[in-house]
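First the structure, in the form of structure tokens, and then the observations on it.
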Amino acid sequence: MRSLIRLLLALLPALACAGQAVHITLLHVNDVYQISPVDNGTRGGLARLAALKKQVQAESPHTLLLFGGDTLSPSVASNTFRGEQMIAAWNATGLDMAVFGNHEFDFGPDILQARMAESHFPWLGANVHDKTGNALFANARASEIRTFDGIKIGFLGVVTPSTAQSSRPGPQLRFDDANIEARREAGRLRAKGAMAVVALTHQDLAQDRKLAETGAVDLILGGHDHVLMQTLAGRTPIFKAGSDARLVARLDLYLDRDSRRLTHLDWEMLPLDARTPEDADAARVVAGFENRLSALLDQPVGETSVALDARQEPSRSRETNVGDWLADIYRNRTGAEAAIVNGGTIRSNAGYGPGKLSRRDILSILPFENLIVKLDVSGRILRAALEHGLSEIHESRESGRFPQVSGIRYVYDPRLPVGNRLTQVTVNGAPLEDDRRYALAVNTYLAGGGDGYKMFKGQTFLITPENALSETAEVIEALTAGSPVAPRLDGRIKSLP
Ligand SMILES: [Zn+2]
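Take the position in the sequence shown, starting the count at 1, then add 104; the result is the number in the numbering used here.
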């Protein structure tokens, strides 16, 4: 009798658990470049994210906060702190793990290694190897196993191999096929008893779909794309949560002990806005860096030996030395043949120098922190874009679409009808050919059809927004490297009569 009771008691925990699901909550964000809220303070912000994690954890104890890559760069703050501010803020949010994004390598492998050493969370990168020793990069891990109520969940991380070209990882690193490494690592995790495998990926959606179709992983939480994505390929769901933590993907996983399977999955996109209070500790960390940045913004970063003209009316109606300078930086930094900067990008409506320039001066000229991309366009599209830029010139000298250029020289007559105002266009000295292809640098605003530049929408990217450079940071870097700068008008834009 006594032994029977003992047996029953021994069985009790198993009986109690039989048929019971283990509930795990995953919070996921990707492509976060700012520690403070974005969109004029309305969305995102890592102090709010920290508070959200605590809220969710109070209700669902098995909660993990995951990050899908791209955080150390690009931004004006990172131009100063080399990503240190991001890691400090991530530590304060209680981030549980992160996968490398391509932008993690923008400052080179040594800076990344320093940032990894500061991280209170593991970095995953199953396909990033040292060329010489074949070991994983630095102290990165291929995967992690987390155990909840005796149930093991595997997490693996991979990053797009295009990082080798789009970023600056140096000659020592090798980026292997992300999906081959992900499948291999998923197999290892299952062999170690993982009941479900979650892939943290930083690659484009087409690649995620290929991984999903193999059925090797149960769930893909992605990054690299900056738009909200909720999709399914094969039987594997894929989620990406936009950028800058404007949204947080919440996934609730229910795992059955008996069948050892993921029985169901609920998800929800949580907006991160003013309704979420800020976590006080995280807010302190963020404020500390913002105050340091504010002080640093006033320090000189270079010098101009001529007066810089960033006034609104000239920027939007004729060649200016700031327009030439910016467009030249766009073209040079992307290796494009030509560049167009819409006059409306130049904001401060002020003159500068001759003399020293601070970071704040450059930020006042370029407050949007636009990204610079490179498009593959036909001569016909390039001509249409220039005509569009000149389409309001007769009516208004305040139209933001006016095209400041580099690599291009054009003559126009404002008395001619809209769409036919160009009388002469050359690209690097040769007449513009409608059927030739041109590599053109523009900012993401124009590439997305902003200011009416609809002809750029849908064109092929040679440098995608995901791999793009920060306009403001590139200008600061060019200013520092070329100081003193002396941009002068060279007659690249001429108006008749
Ligand atoms: Zn990316």
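For every residue, glycine included, the Cβ atom is placed at its ideal position computed from N, Cα and C.
Asked                                                                                             : Found
CB of LEU150 within 8 Å of CB of ALA443, strictly                                                 : no
HIS328 beta carbon near ligand 1 (any heavy atom closer than 7 Å)                                 : yes
Local Cβ density within 10 Å of HIS368, reported as buried at 16 or more and exposed below that   : exposed
Three CB pairs or more closer than 8 Å across the stretch 532-542 and the stretch 431-439         : no
Which of helix, strand or coil DSSP assigns to VAL477                                             : strand
Same chain only: Cβ atoms within 8 Å of LEU400, ignoring 5 sequence neighbours per side           : THR184 and ARG463
Buried/exposed call for LEU108, threshold 16 Cβ in 10 Å                                           : Low local confidence applies: a pLDDT of 41 at LEU108 is under 50, so the model's placement there is unreliable, with the coordinate-based value given in what follows. Under this definition LEU108 is an exposed residue.
Rounded C-alpha distance that separates GLN276 from PHE171                                        : 25 Å
Counterpart residues of VAL232 in DSSP-defined beta bridges                                       : PHE279
Among ILE128, ALA125, PRO141 and LEU130, nearest to ALA391 - alpha-carbon criterion               : PRO141
Inter-residue spacing [alpha-carbon to alpha-carbon] between ASP594 and ILE450                    : 19 Å
Distance CB(LEU566)-CB(ALA543) smaller than 8 Å                                                   : yes
Where PHE393 falls: helix, strand or coil (DSSP)                                                  : helix
Range covered by the beta strand (DSSP E) that runs through ASN532                                : Counting along the chain, ASN532 falls outside any beta strand (DSSP E), and DSSP gives it neither H nor E.
Alpha helix (DSSP H) segment containing ARG219, residue limits                                    : 213-222
Burial state of LYS558, where buried means 16 or more other Cβ atoms lie within 10 Å              : exposed
ALA244 versus HIS132 - alpha carbon distance                                                      : 20 Å
First and last residue of the uninterrupted beta strand (DSSP E) at SER419                        : Note, SER419: premise wrong, no beta strand (DSSP E); alpha helix (DSSP H) at 416-419.
From PHE252, TYR358, ASN206 and GLY439, residue whose alpha carbon lies closest to that of ASP370 : TYR358
Cβ neighbour criterion (16 or more within 10 Å) applied to GLN602                                 : Since the displayed the chain opens at 105 and closes at 601, residue 602 lies outside it and no answer follows.
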